[in-house]
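A.B. asks: I have a structure here, written as structure tokens, and I will follow up with some questions on it.
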């Protein structure tokens, strides 16, 4: 399993063992959501947006998330 597919907030499956329940948002999804929040709250300052379309904002957020994951792997 790639790092981006791991859970952002894994919960212990068993307290006595190092096993985790990997339900919930992936790291990639979580990072993309955080990036989207930043893009939308920037008032257009990020990337020089003049209008916000769901397609443009989501693609930008995913690009930021993917780059962060890439940098974390190195």
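Numbering (our numbering), first residue to last: 11 to 84.
Beta carbons: idealized from backbone N, C-alpha and C, even for Gly.
Give the DSSP bridge partners of residue 36, in chain order.
C.D. replies: Bridge partners of residue 36: 17.
A.B. asks: Consult DSSP for residue 70 and reduce its assignment to one of helix, strand or coil.
C.D. replies: Helix.
A.B. asks: For residue 74 versus residue 41, is the C-beta spacing smaller than 9 angstroms?
C.D. replies: Taking 9 angstroms as the Cβ cut-off, residue 74 and residue 41 qualify as a contacting pair.
A.B. asks: Quick one: what's got a C-beta closer than 7 angstroms to residue 71's C-beta in the same chain, skipping five residues either side?
C.D. replies: The answer, listed in chain order, is 42, 45, 46 and 49.
A.B. asks: What did DSSP end up calling residue 11 once you bin it into helix, strand or coil?
C.D. replies: The answer is coil: DSSP assigns residue 11 none of H, G, I, E or B.
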